[in-house]
């Protein structure tokens with residue numbers, strides 16, 4: 001009898017070549033594959049000529065399926081859990097199942113691989129030493145803005161998933177809450193034929209995407225630069241007066257650049273003072 005274990009197997013987010021050799025081996029020898037959508041996973045298995053029995057495990061049946069999975073483990077079987085794409089449990093079902101299996105005393109072992117937000121973060125050019133993964137925002141604007149308000153002062157890079165139908169509305173709400181000039185990156189259709197990764201201020205990204213319906217299609221990761229850390233900025237009162245006058249007429253970056261030419265004070269220091277992060 002083989003050792004009973006539940007494998008958490010990451011599958012490709014687009015390019016089938018990203019399924020690792022180890023993942024292929026685990027899926028090929030599994031006694032049972034628990035899939036979010038058996039039809040979707042069936043196409044993946046057929047591509048690799050893998051034949052294994054499957055059961056569905058999704059948001060609506062996960063608690064019931066946990067008992068069935070545990071019974072299979074009690075018989076010494078090896079089971080692989082997969083989602084439709086990427087790493088299971090990351091904005092996908094599986095938490096209850098994994099907890100139940102661990103509580104029942106069985107081993108749970110990850111088989112790492114693709115993850116959309118990690119792939120996007122690695123290619124974004126945004127700070128990656130600290131990040132906050134939020135997954136999908138609420139579908140309605142009011143609740144979405146409320147959640148964004150709770151995040152606007154967070155220092156780490158913010159990472160979101162978004163769908164075709166809400167990408168424009170989400171970018172618009174992000175601009176309204178974070179400020180149109182907050183830098184962000186949109187990663188679309190990662191590893192697929194029409195992969196696109198574009199960075200810019202939120203206002204620029206919204207204008208670019210609004211002008212091109214093709215860029216509104218697919219699966220999205222939106223990464224937003226964290227808030228500027230509050231630091232003490234010593235500014236001469238006369239310089240501050242000039243800066244404030246310019247700030248009333250111009251965007252912060254342009255006001256700071258012009259104030260640098262007038263006063264000789266470094267633009268970065270003026271920008272920090274202008275956006276209200278400094279004192280003095």
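Residue numbers (UniProt numbering): 1 to 280. Virtual Cβ for every residue (Gly too), placed ideally from N, Cα, C. This structure is a prediction, so every number in the text was calculated from the model and none was measured.
**Request:** Locate the alpha helix (DSSP H) running through residue 124, then write down its first and last residues.
**Result:** Taking the chain shown and counting its residues from 1, the one referred to as residue 124 is at position 124. 116 to 124 is the extent of the alpha helix (DSSP H) around residue 124.
**Item:** Enclosing alpha helix (DSSP H) for residue 65 [first to last residue]
**Value:** Walking along the chain shown from the start, residue 65 turns up at place 65. Here the alpha helix (DSSP H) through residue 65 covers 62 to 74.
**Item:** Which of helix, strand or coil DSSP assigns to residue 50
**Value:** Along the chain shown, one-based indexing puts residue 50 at 50. Of the three classes helix, strand and coil, the one that applies to residue 50 here is coil, per DSSP.
**Prompt:** If you compare alpha carbons, which of 267, 197, 214 and 220 is closest to residue 235?
**Reply:** Residue mapping note: residue 235 aligns to position 235 of the chain shown, counting from 1. Closest by alpha carbon: 267.
**Request:** Under 6 Å Cβ to Cβ from residue 189, same chain only, skipping five residues before and after it: list those, please.
**Result:** Taking the chain shown and counting its residues from 1, the one referred to as residue 189 is at position 189. Closer than 6 Å at Cβ, skipping near neighbours: 195 and 218.
**Request:** Tell me whether residue 94 is buried or exposed, calling it buried when 16 or more other Cβ atoms sit within 10 Å of its Cβ.
**Result:** For the purposes of this step, residue 94 is taken as residue 94 along the chain shown, with counting starting at 1. Counting every other CB atom within 10 Å of its CB across the protein chains shown gives residue 94 a total of 16 or more, marking it as buried.
**Where residue 158 falls: helix, strand or coil (DSSP)** = Counting from one through the chain shown, the residue named residue 158 turns up at place 158. Strand at residue 158.
**Prompt:** When the Cα atoms are used, what is the spatial distance from residue 78 to residue 21?
**Reply:** Locating residue 78 in the chain shown gives position 78, where the first residue counts as 1. Locating residue 21 in the chain shown gives position 21, where the first residue counts as 1. The alpha-carbon atoms of residue 78 and residue 21 are separated by roughly 18 Å.
**Request:** Mind the definition here: the stretch 124 to 139 touches the stretch 206 to 213 only if three or more C-beta pairs lie below 8 Å; say whether that holds.
**Result:** no
**Asked** In terms of residue numbering, what span does the beta strand (DSSP E) encompassing residue 11 cover?
**Response** Stepping through the chain shown from its first residue, residue 11 is reached at position 11. That residue, residue 11, is in no beta strand (DSSP E); it is neither H nor E in DSSP.
**Request:** Report the residue ranges of all alpha helix (DSSP H) runs contained in full by the stretch 124 to 185; include only those spanning at least 4 residues, in chain order.
**Result:** 141 to 151 and 167 to 178
**Request:** May I ask which residues mark the beginning and end of the beta strand (DSSP E) holding residue 201?
**Result:** Mapped onto the chain shown, residue 201 falls at position 201. Run containing residue 201: 196 to 201, per the beta strand (DSSP E) assignment.
**Asked** alpha helix (DSSP H) containing residue 255: first to last residue?
**Response** Numbered from its first residue, the chain shown carries residue 255 at position 255. Taken as a continuous stretch (DSSP letters only), the alpha helix (DSSP H) holding residue 255 covers 252 to 263.
**Message:** Please report the straight-line C-alpha distance between residue 159 and residue 247, rounded to a whole angstrom.
**Reply:** Taking the first residue of the chain shown as 1, we reach residue 159 at position 159. Taking the first residue of the chain shown as 1, we reach residue 247 at position 247. Taking the straight line joining both Cα atoms gives about 30 Å.
**Which residues DSSP lists as bridging residue 110, in chain order** = Walking along the chain shown from the start, residue 110 turns up at place 110. Its beta-bridge partners are 8.
**Item:** Whole-number beta carbon distance between residue 123 and residue 197, since they are thought to touch under 8 Å
**Value:** As a working note, residue 197 is residue 197 in the chain shown. As a working note, residue 123 is residue 123 in the chain shown. 6 Å between Cβ atoms; contact.
**Message:** Here's the rule I'm using: 16 or more other beta-carbon atoms within 10 Å means buried, otherwise exposed. How should residue 29 be labelled?
**Reply:** As a first step, residue 29 must be located in the chain shown, where it is residue number 29. Counting Cβ neighbours within 10 Å, residue 29 comes out exposed, since fewer than 16 surround it.
**Request:** Compare the C-alpha of residue 227 against each of 156, 150 and 5 and name the closest.
**Result:** Taking the first residue of the chain shown as 1, we reach residue 227 at position 227. The residue with the shortest Cα to Cα distance from residue 227 is 156.
**Message:** Among the candidates 181, 263, 241 and 10, whose CA atom is the shortest distance from the CA of residue 92?
**Reply:** Indexing the chain shown from 1 puts residue 92 at position 92. The candidate whose alpha carbon is nearest that of residue 92 is 10.
**Request:** Spell out a yes or no on whether the stretch 137 to 154 and the stretch 101 to 115 are touching, meaning 3 or more CB-CB pairs, one atom from each, closer than 8 Å.
**Result:** no
**Message:** If distances are taken between C-alpha atoms only, which option among 178, 31 and 17 comes closest to residue 150?
**Reply:** Locating residue 150 in the chain shown gives position 150, counting from the first residue. Closest by alpha carbon: 178.
**Item:** Contact set for residue 59: own chain, Cβ-Cβ below 8 Å, skip 5 residues either direction
**Value:** Position 59 of the chain shown, counting from 1, holds the residue named residue 59. Around residue 59: 93.
**Under the three-state DSSP convention, the category residue 101 falls into** = As a first step, residue 101 must be located in the chain shown, where it is residue number 101. In this structure, residue 101 counts as helix in the three-state DSSP scheme.
**Asked** Where does residue 29 fall in DSSP's three states?
**Response** Numbered from 1 along the chain shown, position 29 holds the residue referred to as residue 29. Helix at residue 29.
**Prompt:** For residue 55, which of helix, strand or coil comes out of DSSP?
**Reply:** Numbered from 1 along the chain shown, position 55 holds the residue referred to as residue 55. Strand at residue 55.
**Message:** So for residue 205, helix, strand or coil by DSSP?
**Reply:** By one-based count along the chain shown, residue 205 stands at place 205. In this structure, residue 205 counts as helix in the three-state DSSP scheme.
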